[in-house]
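The block underneath contains the structure these notes are about, expressed in structure tokens.
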Amino acid sequence: MIKIDFNIIKKPLVIFVVLILLSLTVPYLLPATFLGSYLFWIILSVVVILYGIIIVGGLK
Amino acid sequence: MTRSSIMLIGIFLWFLLGCVVSFSAKRKTGPGIAEYFIANRTIGGFVAAMTYSATTYSAFMMVGLVGMTYSFGISTMGFELSYLMGTILLLVLFAPYFWSISRKYNCITPSELLSKAYNSPALGGIATVFSLLMLIPYMSVQFTGIGYLLETLTGIPYQFGVLLALVIVLVFTLWAGMRSVAWTDTLQSLIMLVSSIILLYYVMNHFFGGFTQFFQVIQVEHGDLLSAEKMPYQRFLGLTIPWLFFALTNPQVAQRMFISRDKKSLRTMIIGFSIFGLVYTLIVVHLGLAARHIFPDIANPDRITPMLLEKIPVILSLAVFLGIVAASVSTVNSIILTLSSMCTVDVYGKLFKAEESRRLLFGKIMVPLIAFLAFFFSLGQFGIIVELSVMSSAGLLALAPSYFGIFWKKGDNIASISSIIVAGVLTIIMYFTGYFPLGVWPGAWCLLISTAIFIIVSNLRFQGKANTNMQAAN
Chain A
1 MIKIDFNIIK KPLVIFVVLI LLSLTVPYLL PATFLGSYLF WIILSVVVIL
51 YGIIIVGGLK
Chain B
1001 MTRSSIMLIG IFLWFLLGCV VSFSAKRKTG PGIAEYFIAN RTIGGFVAAM
1051 TYSATTYSAF MMVGLVGMTY SFGISTMGFE LSYLMGTILL LVLFAPYFWS
1101 ISRKYNCITP SELLSKAYNS PALGGIATVF SLLMLIPYMS VQFTGIGYLL
1151 ETLTGIPYQF GVLLALVIVL VFTLWAGMRS VAWTDTLQSL IMLVSSIILL
1201 YYVMNHFFGG FTQFFQVIQV EHGDLLSAEK MPYQRFLGLT IPWLFFALTN
1251 PQVAQRMFIS RDKKSLRTMI IGFSIFGLVY TLIVVHLGLA ARHIFPDIAN
1301 PDRITPMLLE KIPVILSLAV FLGIVAASVS TVNSIILTLS SMCTVDVYGK
1351 LFKAEESRRL LFGKIMVPLI AFLAFFFSLG QFGIIVELSV MSSAGLLALA
1401 PSYFGIFWKK GDNIASISSI IVAGVLTIIM YFTGYFPLGV WPGAWCLLIS
1451 TAIFIIVSNL RFQGKANTNM QAAN
């Protein structure tokens, strides 16, 4: 059996899940303009990519 | 020269270029199963990023997603970007560990990783058979897509177009396995990206007079497209949630976590894919929004892209058409190679303990066999193929808890096998009977049922083992 310690990924997993939950909920509350859900989804994606880069940047 | 003959010459030249790339890969390919199926884990960061992107994004993007955006506006962008975020999450958190495990335990396929993680060869075999059942209809849809597009744009008969796709896929795959697939995928992804960027630039300037005017026109005349609620919330969730797990549940992309040369290449793969995914999604979504202004009243949104191709200069039309064909081919050849590696390693290798050269021969025989299965499937009724393809994306979700279970000390092999079989069979039954309990999409049920079974059975067996150990100690 191969097991990986869950605690290693716990913190980034929580942050990622929160970001994805924002993506699944908040845009439905925003106005129908380019400055509403459209911009929110794009900014959130960029934030997720940047956070991902920070995490994988720390790979040894 | 007619439009269709320019298209056919373009396809021939593209195929020729792909053959040159594939032949160069062949010259670099050494012996052995690991070399054939995962290029001996020597793929560099850029090529890994490109093959990951080309395998993930199929013709659905330029045909299906453009049409979906036409109908549902930016909620489609929300679906696709949420899916991208989910994939980044899984890659960032799982890929480094799966990459290390695959090296340490010499795993070639994702199902082999599962069987070694749970110490159960049967699990690898079941995951393989299940993936085969689910992915053959999905491949057939790619073949049918190429067939219909070729028929529409060049006039060649549908069956001949599908046969042409089969030949292209076999040449790119069979010759040199993963190295050939990865290198040709790099060519395909560059064609996909460059052609779509040029198309977007042309559409914005030719039909709107620039990007600023485009934003104004959409805001004023098609403001409804900017509302997330254009797609009902339940439908949005039903569509998005299952796709969040794509990077784990679809073996052809999961296997790409094993191919990187080193951790630096793996990092480049993840970052490269993230950027590719964001840029490509935004291009496709903006084309869909633009199409709403160019063709205001189209009943069948899947016709949007072929119609757009007829309205643009023939050379650009050819480039975009090649981009769509490239997307299909790169997805299909990756699936075929991964499935044949799973059949070889997790079924034939486990059942017959044959020497490596025989296993490799078996794998090379499986490549055309699987390709022919998908080909014959694609000659069937289109409606049924699409239904089965939708079912496959839902059914593969049954594998998700088993991958997450590697991070859980109670995760158990019997729990994994039972969750895959029960949830998979129930999903198939839901699709065939058309009965969706509570109106919830079967993919969500599949994920829910497989997770519940995995947790309950793992806990029960963990408790059982603890009791047995206690009795033995007493």
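Protein chains in written order, with the working numbering: chain A, 1 to 60; chain B, 1001 to 1474. Beta carbons are placed, not taken as given, at the ideal position from N, Cα and C, and that holds for glycine. Only a predicted model underlies this, so the values are computations on that prediction, with no experimental measurement involved.
Original post:
Looking at B/Thr1338 and B/Gln1255, is the spacing between their C-beta atoms short of 8 Å?
Top reply: yes
Original post:
Pick from B/Arg1292, B/Val1169, B/Trp1175: whose alpha carbon is nearest that of B/Glu1221?
Top reply: B/Arg1292
**OP:** Rounded to whole angstroms, what's the CA-CA distance from B/Leu1309 to B/Phe1015? Just pull it up for me.
**Re:** 21 Å
Subject >> Length of the line joining the Cα atoms of B/Gly1177 and B/Lys1465 >> reply: 43 Å
Original post:
Whose C-beta lies closer than 7 Å to the C-beta of B/Thr1055 among residues of the same chain, with five residues either side of it excluded?
Top reply: Asp1185, Gln1252, Val1253, Arg1256, Ser1330, Thr1331, Ser1334
Original post:
Is the stretch 1190-1204 of chain B touching the stretch 1395-1415 of chain B in the sense that three or more CB pairs, one from each, lie closer than 8 Å?
Top reply: no
Original post:
For A/Ile42, does the three-state DSSP call read helix, strand or coil?
Top reply: helix
Original post:
Quick one: is B/Thr1240 near chain A, going by C-beta distance under 8 Å?
Top reply: yes
Subject >> Element boundaries [alpha helix (DSSP H), containing B/Asn1413] >> reply: 1413-1433
Subject >> As assigned by DSSP and simplified to three states, the class of B/Ile1156 >> reply: coil
Subject >> Among B/Phe1372, B/Thr1144, B/Phe1023, the one whose alpha carbon lies nearest that of B/Ile1324 >> reply: B/Thr1144
**OP:** Step through the CB atoms of chain A and report whether any lies within less than 8 Å of the CB of B/Met1061.
**Re:** no
Original post:
In the stretch 1015-1071 of chain B, which residue ranges form an unbroken beta strand (DSSP E) of at least 3 residues, counting only runs that do not cross its ends?
Top reply: none
**OP:** Using the Cα positions of A/Asp5 and B/Val1320, report the straight-line distance between them to the nearest angstrom.
**Re:** 46 Å
Original post:
So, do the stretch 1272-1284 of chain B and the stretch 1121-1134 of chain B have three or more beta carbon pairs nearer to each other than 8 Å?
Top reply: no
Subject >> Residue from A/Leu19, A/Leu29, A/Met1 whose Cα sits closest to the Cα of A/Leu50 >> reply: A/Leu19
Original post:
Are B/Pro1306 and B/Thr1076 closer than 8 Å when you measure CB to CB?
Top reply: no
**OP:** With DSSP collapsed to three states, give me the class of B/Ser1260.
**Re:** strand
Original post:
Are the beta-carbon atoms of A/Leu44 and B/Leu1093 separated by less than 8 Å?
Top reply: no
Subject >> Whole alpha helix (DSSP H) elements within the stretch 1203-1228 of chain B, 4-residue minimum >> reply: 1211-1221
Original post:
What separation, rounded to the nearest whole angstrom, lies between the Cα atoms of B/Leu1225 and B/Pro1031?
Top reply: 54 Å
Subject >> Own chain residues within Cβ distance below 7 Å of B/Pro1242, not counting five before or after >> reply: Ser1393, Ala1394, Leu1397, Gly1443, Ala1444, Leu1447
**OP:** Measuring alpha carbon to alpha carbon, tell me which of B/Phe1046, B/Ser1111, B/Met1391 ends up nearest B/Ala1423.
**Re:** B/Met1391
Subject >> For B/Ser1378, the first and last residue of its enclosing alpha helix (DSSP H) >> reply: 1356-1378
Original post:
Does the pairing of the stretch 1070-1084 of chain B with the stretch 1346-1357 of chain B give three or more beta-carbon distances under 8 Å?
Top reply: no
Subject >> Residue interval of the alpha helix (DSSP H) (run including B/Val1320) >> reply: 1314-1342
**OP:** Buried or exposed for B/Ala1095, please, with buried defined as at least 16 other CB atoms from any protein chain shown within 10 angstroms of its CB.
**Re:** buried
**OP:** List the residues of chain B that A/Ile81 touches, going by C-beta distances under 7 Å, in chain order.
**Re:** Because chain A spans 1 through 60 in this model, residue 81 of chain A falls outside it and cannot be assessed.
**OP:** In angstroms with no decimal places, state the Cα-to-Cα distance between B/Leu1237 and B/Gln1213.
**Re:** 32 Å
Subject >> Proximal residues, the stretch 1404-1437 of chain B versus chain A, C-beta separation under 8 Å >> reply: Ile1406, Phe1407, Trp1408, Lys1409, Gly1411
**OP:** Express the C-alpha separation of B/Phe1130 and B/Ile1429 in angstroms, rounding to a whole number.
**Re:** 15 Å
Original post:
Given that a residue counts as buried once 16 or more other Cβ atoms are within 10 Å of its Cβ, and exposed if not, what is B/Ile1304?
Top reply: buried
Original post:
Is DSSP giving B/Asp1185 helix, strand or coil here?
Top reply: helix
Original post:
How about B/Leu1360 and B/Tyr1036: are their beta carbons less than 8 Å apart?
Top reply: yes
**OP:** Give the residues of chain A in contact with B/Leu1101, contact being defined as C-beta atoms less than 7 Å apart.
**Re:** The sequence shown places Ile at residue 1101 of chain B, not Leu. Those are Ile2, listed as they occur along chain A.
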